[in-house]
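Engineer: If you read the sequence shown in our numbering, its first letter stands for residue 76, the second for the next number, and so on. The structure under discussion is supplied below as structure tokens; questions concerning it will follow.
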Amino acid sequence: MFKCDLCHKITEPREKLTRHPIKYRDKVYQNNHPFKKNQVITSYGKEIIKEINVCEKCAEELKNGIVS
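Okay, structure coming up:
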């Protein structure tokens, strides 16, 4: 059981929890090249900062684009 962060409903036991990310930040990953010494591989991506717990009904609405 948990409380949905969108509809504020206490869910039933064994109801599926879905985590929905709401805040991101840019992230730079740097790794050493496996075969060439002194060469760094740089990759860019996103990192999740904050996510909310949503019930099955709200997760379906988020998936369909009904709730913003």
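Glycine residues also receive a C-beta, built at the ideal position from the N, C-alpha and C atoms.
Roughly how many angstroms separate the alpha carbons of R94 and N106, rounded to a whole number?
Structural biologist: 29 Å
Engineer: Could you name the residues of the same chain whose beta carbon sits closer than 6 Å to that of A134, not counting the 5 residues immediately before and after it, in chain order?
Structural biologist: T93
Engineer: DSSP puts G120 in a beta bridge; with which residues?
Structural biologist: Within the DSSP secondary-structure output, G120 pairs in a beta bridge with K102.
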